[in-house]
Structures are given as C-alpha cells and as structure tokens.
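Down below is the structure, laid out as structure tokens.
Residue numbers (this note's numbering), protein chains in the order written: chain R, 1 to 528; chain H, 1 to 317.
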C-alpha cells in the first residue's frame with residue numbers, strides 16, 4: 001500500500017510540479033506574438049467528417065478541433081499527461097478519488113465562464129456518446145461540490161487512469177452545458193481553445209478565427225504538446241481539404257497555402273530546394289504493421305509465422321511503403337518514449353532466407369495460399385503488402401493479395417477469420433499514447449491476431465499486458481511492457497515493420513510552426 | 001403537351017422508388033461501414049462498436065430500411081452519418097456549386113464541340129477537319145486527373161493566373177468564382193467536347209447530303225444561310241439528345257475533377273458518401289441525381305418539339 005501511495009504521489013507530483021514550475025518560469029518570459037494578424041491557409045489531405053470531437057477519433061477531425069477545444073488534462077510535447085483546464089490534480093492515497101481544481105476565469109467561445117457544471121455535463125455526454133467512453137468504465141461517478149472543484153470517484157483504483165484520462169485519441173473536451181444535448185456528430189464546436197469556429201464547408205474547408213476571450217494557461221510559458229501557454233497570433237486559419245497530393249504541392253509552391261501535411265515523399269526533394277518552403281518532418285508518426293490471423297491456415301502454424309518473420313527485409317518494405325520517409329523501429333514504442341524497449345530485437349528485420357525456408361519445412365508448409373488483406377486507400381499499407389508478398393514468394397510461399405477499400409478490409413478483419421492471413425494497418429495515436437495503449441489491440445477483448453476459440457488469447461501475453469496496466473510502479477510497468485512486446489514478437493502476434501515519418505511543410509514566412517501530431521496554430525505567426 | 005409532361009412526371013415516381021430501393025439494398029450488401037471511417041485507422045473495435053451504436057448502425061437491416069422509408073414519406077431524406085446534417089440540406093448546399101460549374105462547362109462544351117464539329121464537316125478531309133477531330137480526340141483521351149494537374153502546373157504554378165483549387169461562390173465574389181471555376185470547367189468540358197464534336201460532324205455531314213440542302217443551294221441561297229438556317233437546325237435534333245446526356249454528366253459532377261480542384265460539389269459529395277458508406281447520403285444523393293436526370297430527359301423531349309415540328313406530344317399523337 002505504501003508503494004502504491006508513492007506511485008500516486010509521484011504521478012501527481014510530476015504533473016502538478018510541472019504546472020507549478022510553469023508558473024515560476026512563466027512569469028519571466030511568457031510567449032507573446034511578435035506579430036499578430038493574417039490568415040493562414042493549411043492544406044490537409046483527409047476530409048473532415050465532423051467537428052464533434054466526442055464522436056470522432058480521426059486525425060482529420062483532431063487536426064482542426066484541437067485548436068478549438070481543451071480538456072481537463074492533455075499530453076505535453078513528450079506525451080506525458082499534464083493539466084490543461086485543471087489548475088491542479090490531486091489523487092487520494094488509495095487511488096480511488098481524483099480531485100480537479102479548475103482554472104478560474106476560463107471562457108467558452110460563447111462568452112460564458114467555465115464552471116464544473118459544464119465539466120459534469122461534458123463528462124455526461126462523453127459517457128453517453130464518446131466513442132472511447134470505455135476509459136470511464138472504471139469510474140463510479142463524478143461530482144461537483146462547488147463551481148471550481150470536480151471530483152472523480154473510481155470503482156477500482158487504476159494506476160494508469162490519468163494516462164488514459166489525458167489521451168488525445170478521443171479527448172474528453174469541455175463544452176458548455178447547454179451544448180451537450182446535441183446528438184452524436186452534431187455538437188456545435190464550442191470550446192475554450194485559442195481559436196473559435198467560423199464555418200465548415202464539408203469537402204472544402206474549415207475556417208476558425210482567433211478567440212479574443214481566450215485565457216492562456218499561466219502555468220506555462222509556451223505551448224507544450226496539446227497544452228501549455230497558447231496564444232492565437234493569427235486572425236484566422238483556414239484548413240483546406242485538398243485530397244490530391246499534387247495540388248497540395250502546387251498550392252505550397254504558389255504560396256496559396258502557408259502549410260500542408262502529407263506531402264508526397266517524391267516531391268520533398270524539390271520542396272526542400274525551394275527557399276520559400278521549409279519541411280518539418282515528424283518522425284515516428286505511426287508504426288506500419290501487419291497483424292496475423294491465427295485461426296486460418298497457414299498462419300495458425302507458429303513455425304510458418306516465424307518463417308515469414310525471418311524472411312522479411314523491413315528496410316525494403318518501409319522504403320517502398322513510405323518513399324523513404326521511415327525509421328527502422330523494433331516493436332510498439334519509439335526511442336525516447338518511457339516504455340521503449342528493444343525486447344524481441346532478434347526477431348526483427350532478419351532477412352534470413354535460409355532460416356525462413358528451414359522453418360517452413362519444419363512447419364510442414366505445403367504451399368497453402370497465404371492471403372494478405374490490404375487496401376489502396378492508404379497506399380503505404382498496400383505497398384507494404386505488395387513488397388512483403390514478393391519477399392515471401394522468394395522463400396517459396398504461395399502468396400495472394402486481397403485488396404479491398406479500407407472500410408471493407410477492416411470489416412473483414414474484424415468480423416471474419418476466414419479468407420485472410422495478414423491484415424495491414426498502422427498504429428498511430430495509440431503508439432504515441434504510451435505502453436498500455438500501444439498494445440491494447442493485441443489484448444482482450446480485441447485480440448487482433450484472432451486466436452482460435454479453443455486456444456483463447458495468448459495467456460503469457462495477457463499476463464504481461466495486465467501487469468502493464470496494474471503494475472504499482474513505472475519500472476514494474478515498463479518491465480511488463482518489455483515482456484509483453486517480446487512475447488508478441490516471439491509468437492508473431494504482429495509484424496511491426498518500422499515507423500513512418502509524417503512530413504508537415506510550411507512556407508518560410510510562417511514562424512514558430514513546430515511539427516506535432518496535429519498542426520498547432522497557436523503561437524504561430526506570419527512574417528510581415 | 002401539358003398532359004404529356006404530367007404523365008411523364010407521374011411515370012417518374014416508380015423509377016425514383018426503384019432507385020431508392022436498389023441504392024439502399026446495394027449499399028447494405030457492400031462490406032464496410034461508416035464507423036471505420038469515423039473512427040479512422042487507429043480506432044479500437046470497442047470505439048467502432050460505440051460509433052455504430054451512436055449512428056443506429058447496430059440495428060437490423062429491416063429496421064434501418066423502415067426508418068428510411070418512414071422518413072421519406074415525410075419528405076425527410078435522413079441525416080448524413082458523416083456530415084451530421086440533413087441529407088437534403090447537404091445536397092442543396094452543393095447544387096449551386098455543381099450547377100454553376102456545369103453551366104460554365106456546358107457553355108465551353110457547346111462552343112468548342114459544335115464549332116469543331118461544324119468546321120470539320122464543312123471542311124471535310126481538310127487539315128481543319130483533321131485538326132478539329134484531333135483536338136476532340138485528345139480531349140476524350142486524356143485522363144481527367146492528369147489534365148487537371150497539368151492545368152494546375154501551367155496556370156497556377158508557372159503562370160500564376162489561377163488558384164490551384166477551391167471554390168468561391170458566385171454571389172460572394174464573381175471574379176473569385178470565375179478564377180476558381182475555370183480550370184474544373186475546362187477539364188470537364190474537354191472530356192465532353194470530343195463526343196459533341198463527333199456527333200455534330202457526322203450529323204452535319206448527313207444533313208448536308210439531304211435534298212432540301214441541295215434545293216436551298218440550287219435556289220442560290222448564300223452558303224452561310226444554307227448552313228445557319230437549313231442545316232444547323234436539323235443538326236440540333238440528335239445533338240440535343242447528346243447535350244442532355246452531357247449536361248446530366250456535368251451536373252452530377254466528376255469525383256476526380258472535384259477532388260483534384262478541391263471543389264465541394266455533388267460529385268465529391270456522392271463519391272465521398274460511397275467511399276465512406278454514408279448510407280443516407282448515398283440514397284438521398286442518388287435520388288436527387290435521378291430526379292435531375294429525369295427532368296433533363298423530359299426537357300430534352302420537350303425541346304425536340306421545338307426543333308422538329310414533326311414531333312408533337314398531344315393526345316392524338
């Protein structure tokens with residue numbers, strides 16, 4: 001118990017002291033805009049479905065919405081949980097109660113001052129329609145004893161609760177109480193962020209403008225991840241939906257766009273040579289991955305899976321899939337992240353054809369068809385499958401690509417265990433969120449590797465995974481993560497190929513734009 | 001004529017019902033659902049289940065179909081799953097975009113297509129004929145996404161005359177509209193010019209062989225009047241049919257062209273709806289497009305009567 005108390009204290013002290021440090025440092029030199037004004041036009045590839053952040057986990061929605069919304073807690077530049085609309089977060093020693101003291105004087109875009117009444121209503125809506133509402137399953141109830149104190153009471157203590165709670169995948173953003181009755185996908189984008197909503201023309205653009213009533217978080221001196229001290233220097237930002245990569249590049253070259261993302265790798269050399277354009281690579285954006293189907297031959301055979309793993313040349317796969325924008329990466333965390341480990345290194349990027357052939361022979365492989373389920377909506381997934389198929393043909397496997405569009409391939413992967421052996425996808429947000437999120441897809445109830453019903457989920461992996469969630473100390477959880485990753489790789493419950501680099505690009509007159517998981521428009525200005 | 005029009009309108013009702021039934025059935029048979037798109041590639045299965053529940057996609061097929069037709073009976077086409085707004089509203093928002101670009105494109109198509117066709121027919125087997133037909137053929141042959149990108153590179157990147165894409169409503173800024181609509185309209189038009197030019201040419205050649213043209217020339221009428229007064233009006237009868245088809249194509253938009261130029265028109269709306277399995281949007285959008293096509297067909301039939309006095313739509317005919 002005393003161990004647990006220390007953990008809670010450590011976690012919270014880390015969060016709160018960061019904020020406290022921010023106050024001290026902040027008073028010295030808080031960010032102020034060297035220049036205010038202008039409209040920044042940012043071209044993004046993916047279409048925005050809705051700006052109801054409770055009901056979308058897509059990057060395209062988050063790109064825009066998280067410039068308008070804020071949550072009680074969020075993640076900093078290194079993905080650590082930090083307070084945002086909360087001034088202070090305190091946990092009881094038994095981990096059963098969390099108390100959030102709200103920052104005072106925070107305004108919504110409708111002019112109203114935020115109180116716990118809005119926080120309660122926002123949590124109620126999240127519990128009802130938030131698509132990641134499962135993170136609140138461990139919560140018994142929430143209450144607001146006064147206008148500035150919000151309390152969460154747990155059903156069971158969960159050491160990683162704040163980690164889950166501060167997730168930006170589907171963040172629990174705070175919106176005015178009167179806005180929370182909206183049905184799913186239909187909530188007006190009213191938040192407390194530095195930018196407020198102007199217009200959304202589907203398939204065309206979203207326009208936001210500076211919120212003059214914005215109150216920056218005084219605990220910080222500069223933007224920090226999704227939080228920090230944020231200031232809107234720009235008058236307006238227009239997120240233009242430009243699905244054609246060539247058009248995004250052309251718009252950057254002409255100056256019609258100040259920034260863009262997902263610029264094709266083939267155009268990057270030309271853009272780099274252009275003095276008016278600056279490339280902002282964001283390494284480790286997602287893990288390119290294939291997950292097997294253990295319920296369908298021949299991938300029900302461990303030896304066959306290990307043969308496939310032994311044959312793969314990850315450099316070749318990643319080079320082709322990303323046009324060179326990648327890093328080799330073992331497993332499910334990136335170097336620099338708290339849970340990063342090289343456990344299972346010996347299984348990665350072996351390129352050992354002799355070993356692969358021997359394993360196939362040992363496994364009794366008789367030329368059964370191996371079906372790679374992929375899609376062309378995400379070309380990197382398709383290309384990874386294509387290169388992998390060629391590499392496996394080289395060891396004598398009978399490989400076939402099954403190409404569908406993205407929704408159909410996901411449905412097939414989720415609902416059937418027949419007719420496919422590997423499913424191609426990418427782990428983006430979850431990998432960046434930390435150890436427990438990075439491996440959640442392999443754990444019950446998801447079990448993306450489709451274990452046979454009679455076998456059930458891999459017991460050893462599940463044991464390690466549970467230890468990541470429930471380990472008393474960070475070291476215990478990290479050790480459990482290493483074991484879990486090693487188990488996944490040893491049993492070939494997934495084939496992580498490497499990490500993809502996302503490239504954001506801005507014109508050289510855009511100042512202070514730092515690559516991040518969303519295009520952050522705060523603390524960015526356009527040179528005169 | 002009035003009775004004919006009313007009869008045609010009544011006949012169109014079962015067609016529209018059939019369209020809605022087929023579109024509903026086919027889309028439900030296609031694997032995949034909008035939850036996957038809303039959730040994105042990193043959504044967990046639990047998140048996807050929650051999305052399905054939010055959108056009512058967890059309901060049985062017959063319940064979803066019943067809801068759709070109950071709504072349709074009230075004039076409610078439903079609500080787009082992905083846009084979160086009524087289908088009718090989403091569709092109506094796109095009509096001015098697609099209509100204005102379609103009209104602009106139609107003007108270009110008519111001018112270029114009929115001009116090329118008439119010149120080619122009048123100068124048959126000359127260099128002008130070859131040049132006009134080659135131009136028409138190139139327009140048909142070029143992939144529209146490639147043509148669009150080439151136009152962007154030429155007119156936006158190198159010359160800097162036009163923006164790379166986007167759309168400015170006519171009523172907000174006519175000059176802005178012209179600048180944003182020109183490249184999509186030209187791209188769409190060049191695809192249709194070839195078809196129209198070839199139909200015009202072959203029809204014109206046939207008409208020029210008719211006895212009444214020979215008679216007109218024998219009477220000593222100037223060639224210009226022979227062509228303009230006697231030949232051209234007769235050429236228009238088959239051409240009108242083609243024009244009707246072309247305009248319906250232009251109006252329903254081109255997913256590719258609208259994507260290249262980031263134009264929020266009907267084409268991109270329906271294209272996105274299909275790719276993202278937005279069932280109500282697909283059904284509503286297809287109903288709109290089907291209605292527009294039926295009306296266009298009716299208009300073409302009515303125009304026949306104007307151009308060809310032999311065509312009459314009264315009860316005795």
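Here a beta-carbon is modelled for each residue, glycine too, at the ideal position from N, C-alpha and C.
C-alpha distance - residue i paired with residue j, whole-angstrom precision
i: residue 419 of chain R; j: residue 296 of chain R; result: 7 Å
i: residue 112 of chain R; j: residue 522 of chain R; result: 22 Å
i: residue 145 of chain H; j: residue 272 of chain R; result: 25 Å
i: residue 260 of chain R; j: residue 475 of chain R; result: 40 Å
i: residue 198 of chain R; j: residue 178 of chain R; result: 19 Å
i: residue 186 of chain H; j: residue 401 of chain R; result: 38 Å
i: residue 364 of chain R; j: residue 392 of chain R; result: 16 Å
i: residue 186 of chain R; j: residue 85 of chain H; result: 7 Å
i: residue 356 of chain R; j: residue 167 of chain R; result: 40 Å
i: residue 96 of chain R; j: residue 139 of chain R; result: 9 Å
i: residue 184 of chain H; j: residue 163 of chain H; result: 11 Å
i: residue 436 of chain R; j: residue 246 of chain H; result: 56 Å
i: residue 41 of chain R; j: residue 206 of chain R; result: 10 Å
i: residue 38 of chain R; j: residue 231 of chain R; result: 14 Å
i: residue 524 of chain R; j: residue 258 of chain R; result: 11 Å
i: residue 101 of chain H; j: residue 170 of chain H; result: 10 Å
i: residue 161 of chain H; j: residue 155 of chain H; result: 5 Å
i: residue 261 of chain H; j: residue 512 of chain R; result: 29 Å
i: residue 547 of chain R; j: residue 375 of chain R; result: The structure shown does not extend to residue 547 of chain R, since chain R spans only 1 to 528, so no value can be given for it.
i: residue 362 of chain R; j: residue 459 of chain R; result: 25 Å
i: residue 21 of chain R; j: residue 228 of chain R; result: For residue 21 of chain R, the predicted model reports a pLDDT of 34, less than 50, meaning its position is unreliable and no value from the coordinates is stated.
i: residue 507 of chain R; j: residue 202 of chain R; result: 25 Å
i: residue 133 of chain H; j: residue 251 of chain H; result: 25 Å
Of the residues the options, the one placed nearest residue i, counting alpha carbons only
i: residue 405 of chain R; options: R/528, R/423 and R/220; result: R/423
i: residue 84 of chain R; options: R/103, R/78, R/94 and R/99; result: R/103
i: residue 73 of chain R; options: R/99, R/58 and R/92; result: R/99
i: residue 198 of chain H; options: H/93, H/220, H/116 and H/107; result: H/116
i: residue 287 of chain H; options: H/15, H/86 and H/233; result: H/15
i: residue 386 of chain R; options: R/441, R/357 and R/314; result: R/314
i: residue 388 of chain R; options: R/221, R/285 and R/319; result: R/319
i: residue 75 of chain R; options: R/181, R/417, R/493 and R/170; result: R/170
i: residue 293 of chain R; options: R/160, R/368 and R/448; result: R/448
i: residue 7 of chain H; options: H/295, H/303, H/18 and H/306; result: H/295
i: residue 63 of chain R; options: R/226, R/154, R/89 and R/143; result: R/226
i: residue 242 of chain H; options: H/196, H/203, H/202 and H/258; result: H/196
i: residue 214 of chain R; options: R/182, R/105, R/59 and R/429; result: R/105
i: residue 262 of chain R; options: R/513, R/482 and R/43; result: R/43
i: residue 477 of chain R; options: R/361, R/383 and R/341; result: R/341
i: residue 220 of chain R; options: R/82, R/242 and R/90; result: R/82
i: residue 254 of chain H; options: H/229, H/289, H/222 and H/232; result: H/289
Check whether residue i and residue j have beta carbons under 9 Å apart
i: residue 501 of chain R; j: residue 325 of chain R; result: yes
i: residue 434 of chain R; j: residue 337 of chain R; result: yes
i: residue 381 of chain R; j: residue 308 of chain R; result: no
i: residue 140 of chain H; j: residue 81 of chain H; result: no
i: residue 288 of chain R; j: residue 498 of chain R; result: yes
i: residue 98 of chain H; j: residue 227 of chain H; result: no
i: residue 417 of chain R; j: residue 450 of chain R; result: yes
Cutoff 8 Å; reference residue i; Cβ partners in own chain excluding five residues on either side
i: residue 83 of chain H; result: 90, 278 and 281
i: residue 108 of chain R; result: 114, 118, 175, 176, 190, 191 and 192
i: residue 341 of chain H; result: Residue 341 of chain H is absent from the model: chain H starts at 1 and stops at 317.
i: residue 3 of chain R; result: For residue 3 of chain R, the predicted model reports a pLDDT of 40, less than 50, meaning its position is unreliable; a value from the coordinates is still stated below. Within the same chain, residue 3 of chain R has close Cβ partners 472 and 473.
Chain-order list of residues whose beta-carbon lies under 6 Å from that of residue i (same chain, five-residue window excluded)
i: residue 372 of chain R; result: 385, 389, 401 and 422
Contact set for residue i: own chain, Cβ-Cβ below 7 Å, skip 5 residues either direction
i: residue 23 of chain H; result: 282, 283 and 286
i: residue 353 of chain R; result: 311, 394 and 395
i: residue 484 of chain R; result: 439, 461, 464, 465 and 468
Point to revise | Start-end ranges of the alpha helix (DSSP H) lying completely within the stretch 379-411 of chain R, minimum 4 residues | key: Correct list: 379-393.
Point to revise | Inside the stretch 134-177 of chain H only - alpha helix (DSSP H) runs reaching at least 4 residues | key: Secondary structure within the stretch 134-177 of chain H: the alpha helix (DSSP H) runs of 4 or more consecutive residues, fully enclosed, are 144-151 (chain order).
Point to revise | Whole runs of the alpha helix (DSSP H) within the stretch 168-235 of chain H, excluding any shorter than 4 residues | key: 174-208 and 211-218, all fully within the stretch 168-235 of chain H.
Check your understanding: For the stretch 348-382 of chain R, which segments carrying the alpha helix (DSSP H) assignment without a break, of at least 4 residues, lie completely within its bounds, in sequence order?
Key -> If we require 4 residues or more, the alpha helix (DSSP H) runs fully inside the stretch 348-382 of chain R come out as 353-362.
Point to revise | Contained beta strand (DSSP E) runs [length at least 3] in the stretch 444-525 of chain R, N- to C-terminal order | key: Note on the stretch 444-525 of chain R: whole beta strand (DSSP E) runs with a minimum of 3 residues are 495-507, in chain order.
Exercise for review: Report the residue ranges of all beta strand (DSSP E) runs contained in full by the stretch 234-265 of chain R; include only those spanning at least 3 residues, in chain order.
Suggested key: Runs found: 236-241 and 259-261.
Review point. Unbroken beta strand (DSSP E) runs of length 3 or more, entirely within the stretch 24-95 of chain R: which are they?
Key: The stretch 24-95 of chain R is shown to contain whole beta strand (DSSP E) runs of 3 or more residues at 39-44, 73-75, 81-83 and 86-91, in chain order.
Point to revise | Proximal residues, the stretch 182-212 of chain H versus chain A, C-beta separation under 7 Å | key: In the displayed structure, chain A is absent; the protein chains listed are R and H.
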